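Engineer:
In this note's numbering, the protein residues as written are 34 to 170.
1) Determine, using beta-carbon pairs with one atom in the stretch 39-47 and one in the stretch 73-83, whether at least three such pairs fall under 8 angstroms.
2) Does DSSP put residue 151 in a helix, in a strand, or in coil?
3) Excluding the five sequence neighbours on either side, which residues of its own chain have a C-beta within less than 8 angstroms of the C-beta of residue 165, listed in chain order?
4) Per DSSP, residue 165 is paired with what?
5) Any heavy atom of the ligand NAD inside 6 angstroms of the beta-carbon of residue 156?
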């Protein structure tokens, strides 16, 4: 993935995002995801995300999630997403972010996200949110 090679390290160094990678001992990457802090306006947030929150609502953004073609079908994508949710939820306990937000690239990735409990924005159908109050502590 070009983004991983060209942007991940620079974004990490600047503090723009954090990238988490699954690789073998030789350094071959099988998958990764990147997260950043963000916000969503009330008009773009689901009702459960905006309820009793400031406008805009603080969120964590799942900026990237990718799995190498050779590792597709191994449930690595789901494992990466679950790890991202756990990390973002831990941040929410200390920093007050309300949800994990993702921008689905297409219907396939949207269906994938919805399978894990994400719900679409009322204004932008490919923007999905997973409110942390839905997760057990």
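Quick reminder that beta carbons are idealized off the backbone N, C-alpha and C, glycines included. It should be emphasised that the depicted structure is a prediction, and the values quoted were computed from it without experimental measurement.
Structural biologist: Quick answer:
1) Between the stretch 39-47 and the stretch 73-83 there are fewer than three inter-stretch CB-CB distances shorter than 8 angstroms, so the stretches are not counted as touching.
2) Three-state result, residue 151: coil.
3) Excluding residues within five positions, the ones whose Cβ falls inside 8 angstroms are 121, 122, 125, 130, 131, 132, 133.
4) Residue 165 is not bridged to any residue.
5) The model depicted lacks the ligand NAD and carries no ligand whatsoever.
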